[in-house]
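Residue numbers (the working numbering): 140 to 309.
In this text, a Cβ means the ideal position worked out from N, Cα and C, and glycines have one as well.
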């Protein structure tokens, strides 16, 4: 196993990667959730949804095969699963259009982001509801939330167990 990062210099690449993920997801949400209703629609939404799937698969592959440090993995998973994924799903909803074209009750970008977090965490308050193709996007977001948040908790427990079992045997 590789040595765990301990200095800021050793964490630098991981922090830059996390910042890049956050900025990219924010820009995607910011840009796509502000499209005019004439621009947004099923075609652009479908393209955004496919891009989201590609991103999730590529990130999952990267985390499983390339990140060897459990602490780095946990940090990147936390950033991705808690901030990046809901922002990217909100971008997809925005690409479909929100004035009752995708999410009933959403009036703007902040509502789309709120709906995305409520769906990702599977809270489901019921104050906004997906329509049309966005119903399937919402289902996939809820399933992703179950899986990704479960993976994050499992990684945290594994790291905690490994750290405490090693310190107990010293």
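Query                                                                                                                                                            : Result
Among 260, 273, 185, which has the Cα closest to the Cα of residue 287?                                                                                          : 260
What is the DSSP secondary structure of residue 153, reduced to helix, strand or coil?                                                                           : helix
Ignoring anything shorter than 4 residues or poking outside the stretch 187-219, list the alpha helix (DSSP H) runs there in chain order.                        : 209-218
Should residue 146 go down as buried or exposed, given a rule of 16 or more other Cβ atoms within 10 Å for buried?                                               : exposed
Measuring CB to CB, does residue 171 end up less than 8 Å from residue 188?                                                                                      : no
Which ranges does the alpha helix (DSSP H) cover as unbroken runs of at least 4 residues, wholly within the stretch 235-289, from first to last along the chain? : 248-259
What does the Cβ neighbour count give for residue 234, buried or exposed, with the cut at 16 atoms within 10 Å?                                                  : buried
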